Structures are given as C-alpha cells and as structure tokens.
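If you count the sequence shown from 1, you need to add 3 to reach this note's numbering. All residues carry an ideal CB built from backbone N, CA and C; glycine is no exception. Quantities reported herein were computed from a predicted structural model and do not represent experimental measurements. Encoded as structure tokens, the structure appears first; notes follow it.
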Amino acid sequence: MPRKIGHWRLEEGTGGTILNQVSGGPGAQHYFNASATTASWTVNTLPLITTDLSRTPVQVDLAPTVMGHLCIPVDPAWGYDGTSLVAACAPVDVAVRTLLGGPFDQPSGLMNDGIRSSGQLPGIEPYTSMGYDHRMKGGGEVMGPGVAQVTGPDAIVDWVVLEQRSGTDPSEVISTATFLLQRDGDVVGLNGSSVPRWPVVLGQHHLAVHHRNHAGVMTAMPLSFTAGAPMNIDLAEPATPVYGNEAASFVGDVRVLWPGDVNGDGTIRYSGASNDRDPVLAAIGGSIPTNTVSGYAPEDVNLDGLIRYAGAANDRDPILFTIGGSVPTAVRLVQVP
Numbered sequence: 004m005p006r007k008i009g010h011w012r013l014e015e016g017t018g019g020t021i022l023n024q025v026s027g028g029p030g031a032q033h034y035f036n037a038s039a040t041t042a043s044w045t046v047n048t049l050p051l052i053t054t055d056l057s058r059t060p061v062q063v064d065l066a067p068t069v070m071g072h073l074c075i076p077v078d079p080a081w082g083y084d085g086t087s088l089v090a091a092c093a094p095v096d097v098a099v100r101t102l103l104g105g106p107f108d109q110p111s112g113l114m115n116d117g118i119r120s121s122g123q124l125p126g127i128e129p130y131t132s133m134g135y136d137h138r139m140k141g142g143g144e145v146m147g148p149g150v151a152q153v154t155g156p157d158a159i160v161d162w163v164v165l166e167q168r169s170g171t172d173p174s175e176v177i178s179t180a181t182f183l184l185q186r187d188g189d190v191v192g193l194n195g196s197s198v199p200r201w202p203v204v205l206g207q208h209h210l211a212v213h214h215r216n217h218a219g220v221m222t223a224m225p226l227s228f229t230a231g232a233p234m235n236i237d238l239a240e241p242a243t244p245v246y247g248n249e250a251a252s253f254v255g256d257v258r259v260l261w262p263g264d265v266n267g268d269g270t271i272r273y274s275g276a277s278n279d280r281d282p283v284l285a286a287i288g289g290s291i292p293t294n295t296v297s298g299y300a301p302e303d304v305n306l307d308g309l310i311r312y313a314g315a316a317n318d319r320d321p322i323l324f325t326i327g328g329s330v331p332t333a334v335r336l337v338q339v340p
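Okay, here's the thing in structure tokens:
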C-alpha cells in the first residue's frame, strides 16, 4: 500500500523517474525527470504542478536520493525492505572554525574586522544578491540586533556560507545556510554567538565553507550528519584533512583560506585574461593607483573596508602571494569542485 504524506502518496522505488498516474487518467503513465540538484520536476520543458491540495493525491515512484533532496520526512518503518524509505532531513548543530587569509593577522591570531568597524557589514546575507545559488532553505538570513556592535575576538568579520555537499559527488551542493564569521574563526549563528544550526540531508556528506573572495575549502572525507548529534569541524586546524591539493595556506600553526578570487571564477590569477588584480585597479578608478575607495566589495581582498591598489595594506599583494609570490603568470585553482 502506498503511504500518504501531505498530498503525495509515495511508493517505494529505485528509479530516477516520477510516475504520475493521475493527470493522464486512470492507468496512464507519464514520466518526469527528477533533478536531484534542484528538486524540480519537469516533463519535456513543462513543470509538473501539484500545488492544489484539493485534488486527488498524485501517486509517485521516487528514488530515495530524490526524496532526500526534496527533504520529505519519511518514517523509516515505511520502507518495505527497511532501507528504501528513510528520514530525509533534520536540523543539525554544526560548529565550524575557519580563518580567511586576507584579513588574518598572524601575531594576534585573529582576523581584522575593518568591514564591521567601518559600518559596512551588511545586515542581510550578501550572497543571494551576488548570484550565489542557495539550496534547500538557505538564503535571506538576517543578522540579529546588536551583533554588529560586538567588539573583540568575537566581533564579526564577514558572512560565510556553509555548504553540505554530496558524499558521492562533491560537486553537488545539497543544502546551504549563511552564517557569521568571528575574528577568532568561529562560525556563529545570526545572534552572533550560537552554534550554527541548519536543516541538512541526513547521512554521509561533505561540509564546505564558501566565501565571496577567498578559495573555499571542504572536508576531505564525508562526515556523518545525524539528527540530534552535534558536529565540530575545525578547518583552521592543519591536522583536519581537507579536499584537494594545496587547498589552503598555512600561516604559523593554522590553516587559512587563500585570498584573492575577486571575480569568483574559481581561479586566482594575478595577470592575464580574467585576472583578479585588474578589478582592484578598476574599483579605485582605473588610472591613479594610489586612490582608495571604501565599500563592501569583492575587490577588498583583505577585508579592511578599503580598496587599495598600492601602498600599505593594499589588496593587490595578497593575490600575488596566493599564486606563489614570484611568477605573476602562475594561477591558483579553488579545490572545491
């Protein structure tokens, strides 16, 4: 017997298609492509619309992975073989520590908070407006009252995105949520202090950190996302395995993310086509290299609230450092797929 969840009646299945036995009349079969990435259902180019709860429930045959991406909570006891239907999602506490190389100050072991102290830290997560493709319930997060006034090691440096990525295909982003990054590297909730909690797909998956002008970093192996089981991942600790080759830099006894992916194309370049240095010069006017401009922008590589092309604390030098410091034609590839 199929089980009913809301207006869906689900039958156990292993296929990658959805069988609709309603729209074509009794017994008719129409197959719809199920996209595990976006959880959108289409036939040819037309969406399958089933938003009218007054209609007869649609009977469908979903692959368990598709159910997971739709985040439909299902009682495991419903699985005829005990495994096909599984609880899909739950909020999980995920404590993360990471450091950004651009604003990192080695003597203090802290990042600078120039964006916050200059009053330029946005109150709403900036990634949606930058075109970032959030997943599941991510996007639109708003900073809590008074958070931007906190000073000291717990002051906020910037916003970061936590990504849950598939354990079998790390290029597939399953769930995202945007949180706040403190000067000491702690990623915290929107109230500026709590451990991040966000709805994730349960099971074995990678965790990645995405920042708007630094190379992201991801756990080397899938982690166990389990309901009721808090997680603690210190990506600033050099002993924590991360994905890829030279995925981050080491400064003293900590790991920091490579700065300088100004144009966000996944490759950090100092010269040549699509390089990340020219946008810094363009941002200050394009002709007088000693100009400075304030603002919340990707060209502010060291996150001090000012865009500088030349002089002390400029935003050009960190890009050169990232690609090796001596050969301007070298490149640095972001290792998160």
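If you draw a straight line from the alpha carbon of Gly275 to that of Val334, how long is it in whole angstroms?
Cα to Cα, the separation comes out at about 10 Å.
Tell me, please, which residues DSSP counts as bridged to Ser252.
Under DSSP, Ser252 forms a beta bridge with Val259.
Separation of Asn266 from Gly142, as counted between CA atoms:
Using only the alpha carbons, I get a separation of about 21 Å.
For Asn248, is the classification buried or exposed, using 16 other Cβ atoms within 10 angstroms of its Cβ as the cut-off for buried?
Exposed is the call here.
Quick one: residues in its chain with C-beta nearer than 8 Å to the C-beta of Pro241, no 5 flanking neighbours on either side, listed in chain order?
Here the set comprises Phe253, Asp256, Val257, Arg258.
If you check the beta carbons only, do Val97 and Trp201 fall under 8 Å apart?
For Val97 and Trp201, yes; Cβs fall inside 8 Å.
Thinking C-alpha only, which one of Thr101, Met133, Ala93, Gly289 is nearest Lys140?
Nearest C-alpha to Lys140 among Thr101, Met133, Ala93, Gly289: Ala93.
Going by DSSP, what residues sit across from Arg335 in a beta bridge?
Arg335 pairs with Ile271.
The beta strand (DSSP E) that contains Leu238, what's its start and end?
Counting along the chain, Leu238 falls outside any beta strand (DSSP E), and DSSP gives it neither H nor E.
Integer-rounded CB distance, given that Gly122 should sit under 8 Å from Leu193
Not really, about 19 Å apart at Cβ, beyond 8 Å.
I'd like the list of long-range same chain contacts for Asp320, defined as Cβ closer than 8 Å, with 5 residues on each side in sequence excluded.
Same-chain partners within the cutoff: there are none.
C-alpha gap between Val164 and Phe182, whole angstroms
Our two residues, Val164 and Phe182, have alpha carbons roughly 6 Å apart in a direct line.
Where Pro199 falls, given that 16 or more other Cβ within 10 Å makes a residue buried
It is buried - the Cβ of Pro199 has at least 16 other Cβ atoms within 10 Å.
Would you decide whether Gly28 is buried or exposed? Buried here means 16 or more other CB atoms lie within 10 Å of its CB.
Residue placement at Gly28 cannot be trusted, given a pLDDT of 35 that sits under 50; what the coordinates show is reported in the next sentence. Taking all protein chains shown into account, Gly28 has fewer than 16 neighbouring C-beta atoms within 10 Å of its C-beta and is therefore exposed.
Residues in the same chain with beta-carbon distance under 6 Å from Val176, minus the five sequence neighbours each way, listed in chain order, please.
Arg138, Glu166, Arg168.
Member of Gly188, Thr131, Ala250 whose CA lies at the smallest distance from the CA of Ser111
The candidate whose alpha carbon is nearest that of Ser111 is Gly188.
Which one of Pro244, Thr293, Ser120, Gly308 has the shortest CA to CA distance from Gly314?
Of the candidates Pro244, Thr293, Ser120, Gly308, the one whose C-alpha sits nearest the C-alpha of Gly314 is Thr293.
Runs of beta strand (DSSP E) lying entirely within the segment 197-241, each at least 3 residues, in chain order:
Counting whole runs of 3 or more residues, the segment 197-241 contains the beta strand (DSSP E) stretches 200-204, 206-214, 217-221, 226-228, 234-237.
Selection from Val190, Gly327, Ser297, Pro173 that minimises the alpha carbon distance to Tyr273
When each option's Cα is compared against that of Tyr273, the closest is Gly327.
Hey, could you find the ends of the beta strand (DSSP E) Arg119 is sitting in?
Careful: Arg119 lies outside any beta strand (DSSP E), inside the alpha helix (DSSP H) at 117-120.
On a Cα-Cα basis, can you pick out the residue from Asp303, Gln338, Ser227, Leu238 that is closest to Asp161?
Ranking Asp303, Gln338, Ser227, Leu238 by Cα distance to Asp161 puts Asp303 first.
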